[in-house]
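478 is the number of the first residue of the sequence shown in this note's numbering; add one for each residue after it. Heads up, the beta-carbon is just placed ideally off N, CA and C, and yes, glycines get one too. This report refers to the structure that appears directly beneath it.
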Amino acid sequence: LSMNTGTLAGNGPAFSAYSSAIRTISSGTWTKVIFDTERFDTNSNYDNSTYRFTPTVAGYYQINFSLDVGTSTSATQSVCGIYKNGSYYSNGVNLSGSVTFYGNSISSLIYCNGSTDYIEAYIYIGASTASYSTQGNFDAVLARAA
């Protein structure tokens, strides 16, 4: 029997972060979410000043993002999205309807090259005034090394 001596997923990069304060969301545009407080960061791959995850091990990463959004007036739409290298990659369920609170989430498996790829969390809201709470998470873990 032969065993792969590369990085095992259980020993790969992982992080978890959250927002330390209630923050305002711009209406009608994708807004980067400020997850500025780390719960843990096993390989120092999350930057809590740019809010980016830049893994240094090539592989497939399980990315999770959840966020509670509240509006002062009824919103027409709320959706969270994952951006890879500064561009839209995927989004969660597009919630619509005239309500003042949304619980948004997305989970996605994304390949990262281990050198230049980075991941960010974004939110879109269709309301004139909105904010997100500290009740949200942005985290990732290496599911399988490449």
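Quiz item: To which residues does DSSP link residue 556 through a beta bridge?
Solution: Within the sequence shown, the letter at position 79 stands for residue 556. For residue 556, the pairing in a beta bridge is given by DSSP as 601.
Quiz item: Between the Cα of residue 600 and the Cα atoms of 615, 510, 494, which residue gives the shortest distance?
Solution: Here residue 600 corresponds to residue number 123 of the sequence shown, with the count starting at 1. Residue 600 has its Cα closest to that of 510, out of 615, 510, 494.
Quiz item: Leaving out the 5 sequence neighbours to the left and right, which residues in its chain are closer than 6 Å to residue 501 when beta-carbon positions are compared?
Solution: One-based indexing of the sequence shown puts residue 501 at position 24. Taken in chain order, the residues that qualify are 608.
Exercise. Determine the direct distance from the alpha carbon of residue 623 to that of residue 545, and round the result to whole angstroms.
Key: Taking the first residue of the sequence shown as position 1, residue 545 is located at position 68. Taking the first residue of the sequence shown as position 1, residue 623 is located at position 146. Near 34 Å, if we compare the C-alpha coordinates of residue 623 and residue 545.
Quiz item: DSSP on residue 568, reduced to helix/strand/coil?
Solution: Working through the sequence shown from its first residue, we reach residue 568 at position 91. Residue 568: strand per DSSP, three-state reduction.
Quiz item: Alpha carbon to alpha carbon, how far is residue 491 from residue 598?
Solution: For the purposes of this step, residue 491 is identified with residue 14 of the sequence shown, where counting begins at 1. For the purposes of this step, residue 598 is identified with residue 121 of the sequence shown, where counting begins at 1. Taking the straight line from one Cα to the other gives about 16 Å.
Quiz item: With respect to the beta strand (DSSP E) encompassing residue 608, which residues constitute its N-terminal and C-terminal limits?
Solution: Within the sequence shown, the letter at position 131 stands for residue 608. Counting along the chain, the beta strand (DSSP E) containing residue 608 begins and ends at 607-622.
Exercise. Going by CA-CA distance only, name the one from 533, 570, 499, 514 that's closest to residue 596.
Key: Position 119 of the sequence shown, counted from the first residue, corresponds to residue 596. Per the Cα distances, 533.
Quiz prompt | Cutoff 7 Å; reference residue 522; Cβ partners in own chain excluding five residues on either side | solution = If you number the sequence shown from 1, residue 522 lands on position 45. Setting aside the 5 residues that flank it on each side, residue 522 is surrounded in the same chain by 490, 492, 530, 531, 532, 533, each with a C-beta closer than 7 Å to its C-beta; the list follows chain order.
Self-check item: Pair within 8 Å by beta-carbon distance, residue 611 and residue 497
Solution: Within the sequence shown, the letter at position 134 stands for residue 611. Within the sequence shown, the letter at position 20 stands for residue 497. Note that the C-beta distance between residue 611 and residue 497 is below 8 Å.
Self-check item: residue 508 - partner residues in DSSP beta bridges
Solution: Counted from its first residue, the sequence shown places residue 508 at position 31. Answer is 600.
Quiz prompt | Neighbourhood of residue 507 by C-beta, 7 Å cutoff - its chain only, sequence neighbours within 5 removed | solution = In the sequence shown, the residue the question calls residue 507 occupies position 30. The residues are 558, 599, 601.
Quiz item: For the beta strand (DSSP E) that contains residue 495, what are its first and last residues?
Solution: Sequence index remark: in the sequence shown, residue 495 carries index 18 (1-based). It spans 491-495 - the beta strand (DSSP E) in which residue 495 sits, taken as one unbroken run.
Quiz prompt | Reduced DSSP category for residue 541 - H, G, I as helix; E, B as strand; rest coil | solution = In the sequence shown, counting from the first residue as 1, residue 541 sits at position 64. If DSSP states are grouped into helix, strand and coil, residue 541 belongs with the strands.
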